[in-house]
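**Student:** In UniProt numbering, the protein residues as written are 1 to 199. Beta carbons are placed, not taken as given, at the ideal position from N, Cα and C, and that holds for glycine. Computed from a predicted model, the values in this text were never measured in an experiment.
1) Please report the straight-line C-alpha distance between residue 144 and residue 39, rounded to a whole angstrom.
2) Using DSSP with H/G/I as helix, E/B as strand and the rest coil, what is residue 157?
3) Any chance you could list the beta strand (DSSP E) runs of at least 3 consecutive residues sitting entirely within the stretch 97-170, in chain order?
4) From which residue to which residue does the beta strand (DSSP E) around residue 69 run?
5) Who are the Cβ neighbours of residue 92 in its own chain at under 7 angstroms, not counting the five residues just before and after it?
6) Which of the three DSSP states, helix, strand or coil, is assigned to residue 51?
7) Should residue 113 go down as buried or exposed, given a rule of 16 or more other Cβ atoms within 10 Å for buried?
8) Am I right that residue 36 and residue 60 are in contact with their C-beta atoms under 8 angstroms? What's the rounded C-beta distance?
9) Is residue 108 near residue 99, with beta carbons less than 8 angstroms apart?
10) Alpha carbon to alpha carbon, how far is residue 79 from residue 118?
11) Residue range of the beta strand (DSSP E) that residue 29 falls in?
12) Check residue 73 in the structure and name its three-state DSSP category.
13) Starting from the Cα of residue 121, find the closest Cα among 164, 63, 29 and give me that residue.
14) Between the beta-carbon of residue 141 and the beta-carbon of residue 128, is there less than 8 angstroms?
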């Protein structure tokens, strides 16, 4: 189903539904980031959520994007407070690791491609979509690099691995009060420009 209008929520919390792929996690979980914590709770309800990482023990500062890899039991979050990208164990054990502190400017949203082990995020500050491998060794600009059209205040990237696509919402301004939200897509290999699929 194609949603013709997408209004990205400008919230400090983002939710991800994680299906039980890894046998270590028998229940569906909801994972979210708040101003100072990464939390999880079962989707079945009846049990309150719990913080697995907090700003008191690690770097969690207004994470405007979270992503989960159920097959490895890893969670990823991107901090808008200081422009850093971290990973940790979904069970809350061990010490989280910083993947990068480069190329992050007012991030809104984080997405994982489990097939390529790439993380994608939208930069509201520099009007681009960027990526980095989960081990932090390789990265770059997917869309909006110098000399090419820029994304217009992009938000909420979503990866479709089966079709080699990534989607995001653009916030466009026509005058001081009027805004248009549009859904765009692009091939992740950048072999051609983005297709406007909703207007």
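**Tutor:** Walking through what the data contain:
1) C-alpha separation (whole angstroms): 32 angstroms.
2) Residue 157 carries a strand assignment under DSSP once its states are collapsed to helix, strand and coil.
3) Within the stretch 97-170, complete beta strand (DSSP E) segments of at least 3 residues are found at 97-100, 107-113, 118-123, 128-133, 139-143, 154-160, given in chain order.
4) 63-69
5) 52, 53
6) In the structure shown, residue 51 adopts extended strand secondary structure according to DSSP, grouped into three states.
7) buried
8) 6 angstroms
9) no
10) 17 angstroms
11) 29-33
12) coil
13) Ranking 164, 63, 29 by CA distance to the CA of residue 121 puts 63 first.
14) yes
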